[in-house]
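Written below as structure tokens is the structure these notes are about.
Residue numbers (the numbering used here): 1 to 466.
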């Protein structure tokens, strides 16, 4: 049994872990080690953001080909090769992973392989090694959340990991869930011609307070051939003698069966922390989440948490930000200096369907609940110059901006439509610098672009401000 000592030990080599380790080295924290349980790269590169967006890029061509006749192009003979799509995905993942590993090896910290498990408030065991640390970050990522649906454990269901390794697309597919993973895979398989059924307990985008947006998103999905049942209850799941999956579904007190070749569970992710023996480290957790203070410290002040393992906002850029903040706080802690609080000032969400959905800041109801007197401006892409040229349908979305009535300060926005994933960052930048609708009015907007919608909406907001 060997023993090693470090000033800072990072459990997990994903986005939050590698960001924290690299930043700690940069800040001169001392001896830094990163313990990684599986292959290097992290969820985003290996089984998350990058492989799914690669698949969706192929899907875009198929979806747009169906509508080409309306703009004078006949692509009715378009075909796809599933093996080529999946091979491209594998090749790009390997490319991204190699770049990530190379960056980590240049990071100036030790990389240890194996599953780490706490044995005391300042020690971790990794295989035959005992690691003593002065400070530590838990960033062990997340795992699939499996809902307690009757019969689910008895069938051979798919997770997003399984989908990425399929050899052929299913003829039909039921997807349980309506978060980003569910919606993006629904889009992908619908593009391939798979008959897709989407089941979810709450409305699409969980927009009970904004039914217009929920309905527009649902209409867009249905235009692509996706059968959407949301809100709906999945009461029971079973296998048929022919090997298919049968789901008993209830919608508005009406029960019916959905039968498909495959069943995908995409109901979110939960922190991957059950194996860590947190009790030995004096780290408290509740309902599967580590208890953290505003400095990202656990109930053991020497141990911090970041990334998916911290249980909130399972998004790469947030994981990176939290990892870097932990590194700063580790240095402050070791030098008996004040720590820095976590502040996510401008939350951004993007769902890469076709068309994408993106939001930043507060929704209208949230802004009102926060005490703001708000004004709202909204425009359909089907009524916007460039949107018309791009043949955008009324059901394919809009842009909505929420602002403070007194100051015209931008509080939030929602965009459903072409290039929403990129457009949202204009408003995020405006908000980051405390910008107002007046600032948007004063900026130059090239014509004809989708971005011109910002100045049109800014003008409408200013007209409503006092």
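Glycine included, every Cβ here is placed at the ideal spot set by N, Cα and C. This one's a predicted model, so the numbers in the text were calculated from it and none came from an experiment.
Cα-Cα, which of the options is closest to residue i?
i           : options               : result
residue 272 : 57, 141 and 347       : 141
residue 96  : 42, 438 and 133       : 42
residue 236 : 47, 199 and 358       : 199
residue 164 : 443, 49, 35 and 14    : 49
residue 349 : 393, 288, 422 and 301 : 422
residue 182 : 205, 193 and 192      : 205
residue 262 : 126, 173, 317 and 248 : 173
residue 392 : 279, 405, 416 and 373 : 416
residue 294 : 256, 251 and 338      : 338
residue 324 : 336, 335, 343 and 311 : 343
residue 19  : 106, 176, 195 and 5   : 106
residue 153 : 210, 238, 119 and 118 : 238
residue 197 : 176, 311 and 212      : 176
residue 264 : 144, 315, 379 and 299 : 144
residue 25  : 433, 363, 463 and 326 : 326
residue 420 : 365, 94 and 360       : 360
Just the Cα atoms here: how many angstroms apart are residue i and residue j?
i           : j           : result
residue 428 : residue 296 : 24 Å
residue 356 : residue 190 : 15 Å
residue 291 : residue 285 : 5 Å
residue 65  : residue 166 : 24 Å
residue 407 : residue 169 : 52 Å
residue 367 : residue 80  : 45 Å
residue 245 : residue 31  : 53 Å
residue 122 : residue 110 : 18 Å
residue 17  : residue 308 : 10 Å
residue 101 : residue 225 : 40 Å
residue 146 : residue 358 : 26 Å
residue 22  : residue 160 : 29 Å
residue 413 : residue 431 : 10 Å
residue 418 : residue 441 : 22 Å
Determine the extent of the alpha helix (DSSP H) in which residue i is found, giving its start and end residues.
i           : result
residue 49  : 49 to 66
residue 223 : 211 to 223
residue 197 : Per DSSP, residue 197 belongs to no alpha helix (DSSP H); it is in the beta strand (DSSP E), 195 to 199.
residue 361 : From DSSP, residue 361 is part of no alpha helix (DSSP H) but of the beta strand (DSSP E) over 357 to 361.
residue 17  : 15 to 26
residue 453 : 452 to 464
Helix or strand or just coil, what does DSSP make of residue i?
i           : result
residue 254 : strand
residue 147 : coil
residue 343 : coil
residue 205 : helix
residue 46  : helix
residue 287 : coil
residue 35  : strand
residue 387 : helix
residue 374 : strand
residue 134 : strand
residue 96  : helix
residue 185 : helix
residue 78  : coil
residue 429 : helix
residue 310 : helix
residue 350 : strand
Tell me which residue opens and which closes the beta strand (DSSP E) that residue i is part of.
i           : result
residue 403 : 398 to 404
residue 271 : 269 to 271
residue 5   : 2 to 11
residue 335 : Careful: residue 335 lies outside any beta strand (DSSP E) and carries neither H nor E.
residue 236 : 233 to 239
residue 442 : Not the beta strand (DSSP E): residue 442 falls in the alpha helix (DSSP H), residues 437 to 442.
residue 365 : No beta strand (DSSP E) contains residue 365, which is instead part of the alpha helix (DSSP H) from 364 to 369.
residue 274 : Segment: none, residue 274 is in no beta strand (DSSP E) and carries neither H nor E.
residue 264 : 262 to 265
Once you ignore the five residues that flank residue i on each side, which residues in its own chain have a CB closer than 6 Å to its CB?
i           : result
residue 202 : 231
residue 351 : 180, 183 and 357
residue 37  : 115
residue 124 : 116, 118 and 131
residue 171 : 261
Please list, in chain order, all residues of the same chain as residue i whose beta carbon is under 7 Å from its beta carbon, the five residues on each side excluded.
i           : result
residue 75  : 65 and 68
residue 461 : 375, 377, 401, 403, 408 and 437
residue 188 : 55, 56 and 59
residue 288 : 270 and 271
residue 44  : 15, 50 and 316
Who are the Cβ neighbours of residue i in its own chain at under 8 Å, not counting the five residues just before and after it?
i           : result
residue 84  : none
residue 395 : 216, 219, 220 and 223
Let me check you understand the geometry: is the CB of residue i closer than 7 Å to at least one non-hydrogen atom of the ligand NAP?
i           : result
residue 337 : The ligand NAP is absent from the structure shown, which contains no ligand whatsoever.
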